[in-house]
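Participant: Structure below; questions to follow.
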Amino acid sequence: MTAEQFTKTALNVIDIEKQAIDEITQYIDESFVEACQAVFDCQGRTIVIGMGKSGHIGNKIAATLASTGTPAFFVHPGEASHGDLGMITKDDVVLLISNSGETSEVVNIIPVIKRIGAKTIAMTGNPTSSMANLSDIHLCIAVSKEACPLGLAPTASTTATLVMGDALAVALLEARGFTADDFALSHPGGSLGRRLLLTLDDIMHQGEQMPIIETGKLIKDALFEISSKGLGMTAIVDEQGILAGIFTDGDLRRIIEQKLDLHSAKIDDAMTVKCTTAKADMLAAEALNIMENKRINGLIVVDETNRPIGALNMQDLLKAGVI
Numbered sequence: 001m002t003a004e005q006f007t008k009t010a011l012n013v014i015d016i017e018k019q020a021i022d023e024i025t026q027y028i029d030e031s032f033v034e035a036c037q038a039v040f041d042c043q044g045r046t047i048v049i050g051m052g053k054s055g056h057i058g059n060k061i062a063a064t065l066a067s068t069g070t071p072a073f074f075v076h077p078g079e080a081s082h083g084d085l086g087m088i089t090k091d092d093v094v095l096l097i098s099n100s101g102e103t104s105e106v107v108n109i110i111p112v113i114k115r116i117g118a119k120t121i122a123m124t125g126n127p128t129s130s131m132a133n134l135s136d137i138h139l140c141i142a143v144s145k146e147a148c149p150l151g152l153a154p155t156a157s158t159t160a161t162l163v164m165g166d167a168l169a170v171a172l173l174e175a176r177g178f179t180a181d182d183f184a185l186s187h188p189g190g191s192l193g194r195r196l197l198l199t200l201d202d203i204m205h206q207g208e209q210m211p212i213i214e215t216g217k218l219i220k221d222a223l224f225e226i227s228s229k230g231l232g233m234t235a236i237v238d239e240q241g242i243l244a245g246i247f248t249d250g251d252l253r254r255i256i257e258q259k260l261d262l263h264s265a266k267i268d269d270a271m272t273v274k275c276t277t278a279k280a281d282m283l284a285a286e287a288l289n290i291m292e293n294k295r296i297n298g299l300i301v302v303d304e305t306n307r308p309i310g311a312l313n314m315q316d317l318l319k320a321g322v323i
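Just so it is clear: in the sequence shown, position 236 is 236 by UniProt numbering, and no numbers are missing.
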């Protein structure tokens with residue numbers, strides 16, 4: 001084949017699969033709403049079962065449900081017939097997937113699932129199939145043709161199944177009021193977990209690493225503190241240790257323009273009094289949002305009495321993987 005033929009075939013496949021997605025929009029109907037409600041009301045787990053390519057898609061649907069607030073897992077129908085049906089209880093909802101609706105490994109276990117008492121949802125491309133008739137709810141995923149020119153390899157039908165599964169998962173996500181924090185609880189690893197679960201207490205500079213001087217000190221003292229701690233700022237506290245203000249690299253540029261004497265002027269005359277602060281239990285992602293909106297490069301972290309207990313800057317968020 002030539003490059004042109006490869007490209008033509010690929011674009012034709014995409015067009016067919018796009019058409020398949022368009023076709024299944026008609027099946028977002030009362031049955032879909034009923035399926036959503038059944039899973040939403042489920043007191044147990046959602047078990048997804050499918051064979052072959054439907055099984056691969058079912059595995060992904062189960063994973064998507066589980067990560068978006070609907071406890072779910074996949075069971076292989078072959079293993080189900082040899083003991084794994086014991087994973088299913090009467091409180092569960094079982095999502096059965098087969099394009100034909102006649103997959104014997106799946107059809108054969110439906111009577112047992114019904115006897116257990118679990119609710120069943122069949123997702124098939126044939127509303128008159130055995131699976132559709134035996135299940136409590138039927139979700140249609142019928143498509144007019146496969147992208148495979150032989151009409152044999154599941155292509156457009158598996159795409160339609162995956163999209164229907166995503167539609168179910170996201171509809172349930174919104175119904176549960178699932179939040180980014182909830183999502184992070186099931187994704188603690190990687191940058192996503194760091195971004196959503198990390199707090200300032202985990203990354204802020206504390207103790208001797210924190211830049212801090214008292215009011216009454218000279219500006220040159222503040223510059224020494226900034227240089228030695230390397231955060232581009234320093235907190236200013238009064239005699240009781242309560243935050244009085246902040247002095248940053250930006251403030252330094254301002255006072256240079258004002259031609260203040262850096263060796264004799266006091267920090268009280270140069271600091272920013274009403275500065276933005278944060279709490280130690282604040283999410284790092286929230287702090288990033290504040291810094292971006294305020295267009296500042298650092299934050300002083302204070303306790304309940306407004307005493308500085310830590311400090312951080314954009315570089316700290318970058319190192320922590322929040323940015």
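Ideal placement from N, C-alpha and C gives every residue a C-beta, glycine not left out.
This one's a predicted model, so the numbers in the text were calculated from it and none came from an experiment.
Based on Cα-Cα distance, which residue from D182, S135, M282 and S144 lies nearest to T199?
Facilitator: M282
Participant: By Cβ distance below 6 Å, which residues in the same chain neighbour P71 in space, the five residues on each side in sequence not counted?
Facilitator: Here P71 has R45 as same chain residues with Cβ atoms under 6 Å from its own Cβ, once five neighbours each way along the sequence are excluded.
Participant: Looking only at its own chain, which residues have a Cβ that is under 8 Å from the Cβ of I21, when we skip the five neighbours before and after it?
Facilitator: T159, A160 and V163
Participant: Could you spell out where the alpha helix (DSSP H) holding T159 opens and where it closes?
Facilitator: A156 to R176
Participant: Is the beta carbon of D269 less than 8 Å from the beta carbon of L260?
Facilitator: Their beta carbons are under 8 Å apart, which means D269 touches L260 by this criterion.
Participant: Classify E146 as buried or exposed, calling it buried when 16 or more other Cβ atoms lie within 10 Å of its own Cβ.
Facilitator: buried
Participant: Contact between the region 198-215 and the region 97-104: three or more CB pairs below 8 Å?
Facilitator: Counting Cβ pairs under 8 Å, fewer than three are found: no touch.
Participant: Of all the options R295, M233 and V322, which has the alpha carbon lying nearest to the alpha carbon of A311?
Facilitator: M233
Participant: On the three-pair Cβ rule with 8 Å, is the region 232-251 touching the region 296-307?
Facilitator: yes
Participant: Where does the unbroken alpha helix (DSSP H) through C36 begin, and where does it stop?
Facilitator: E30 to D41
Participant: According to DSSP, which residues form a beta bridge with residue 326?
Facilitator: With the chain running from 1 to 323 in the structure shown, residue 326 is simply not present.
Participant: Could you check if H263 is buried or exposed, using at least 16 other CB atoms within 10 Å of its CB as the buried criterion?
Facilitator: exposed
Participant: How many whole angstroms separate the CB atoms of G69 and L173, which I take to be in contact at a CB cut-off of 8 Å?
Facilitator: 6 Å
Participant: Could you check the C-alpha separation between Q206 and T64 for me, to the nearest Å?
Facilitator: 40 Å
Participant: Just reading off the alpha helix (DSSP H) that E225 is part of, what are its end residues?
Facilitator: For E225, the enclosing alpha helix (DSSP H) stretches over residues I219 to K229.
Participant: Kindly provide the ranges of any alpha helix (DSSP H) runs that are 4 or more residues long and lie completely inside the region 241-319, ordered along the chain.
Facilitator: Inside the region 241-319, DSSP marks whole alpha helix (DSSP H) runs of 4 or more residues at positions 249-258, 284-294 and 314-319, from first to last along the chain.
Participant: If we call anything under 8 Å between Cβ atoms a contact, is V170 one with A156?
Facilitator: no
Participant: Out of curiosity, what's the CA-to-CA distance linking M291 and I61?
Facilitator: 38 Å
Participant: Could you tell me the distance, in whole angstroms, from the CA atom of Q37 to the CA atom of E17?
Facilitator: 28 Å
Participant: On the DSSP bridge assignment, give the partners of I49 in chain order.
Facilitator: DSSP, once it has assigned bridges, lists V75 and L96 as partnering I49.
Participant: Note the first and the last residue of the continuous alpha helix (DSSP H) segment covering I24.
Facilitator: A3 to I24
Participant: According to DSSP, is H82 part of a helix, a strand, or is it coil?
Facilitator: coil
Participant: Please state whether the Cβ-Cβ distance between I110 and I88 is less than 8 Å.
Facilitator: no
Participant: Rounded to whole angstroms, what is the Cα-Cα separation between G83 and V33?
Facilitator: Spanning the two alpha carbons is a distance of roughly 32 Å.
Participant: Please state the DSSP three-state secondary structure of I88.
Facilitator: coil
Participant: Which of helix, strand or coil does DSSP assign to V237?
Facilitator: Here V237 sits in strand by DSSP.
Participant: Does the Cβ of G125 have 16 or more other Cβ atoms within 10 Å, making it buried, or fewer, making it exposed?
Facilitator: buried
Participant: With 16 other CB atoms within 10 Å as the buried threshold, where does K119 fall?
Facilitator: buried
Participant: Expressed to the nearest angstrom, what Euclidean distance is found between the alpha-carbon atoms of D92 and N289?
Facilitator: 40 Å
Participant: Going by DSSP, what residue range makes up the alpha helix (DSSP H) through I203?
Facilitator: L200 to I203
Participant: Going by the beta-carbon positions, is the gap between I236 and F247 smaller than 8 Å?
Facilitator: yes
Participant: If we ignore side chains and look at the alpha-carbon of each, how far apart do A287 and K8 end up?
Facilitator: 49 Å
Participant: Could you tell me if S227 is buried or exposed, where buried requires 16 or more neighbouring beta carbons within 10 angstroms of its beta carbon?
Facilitator: exposed
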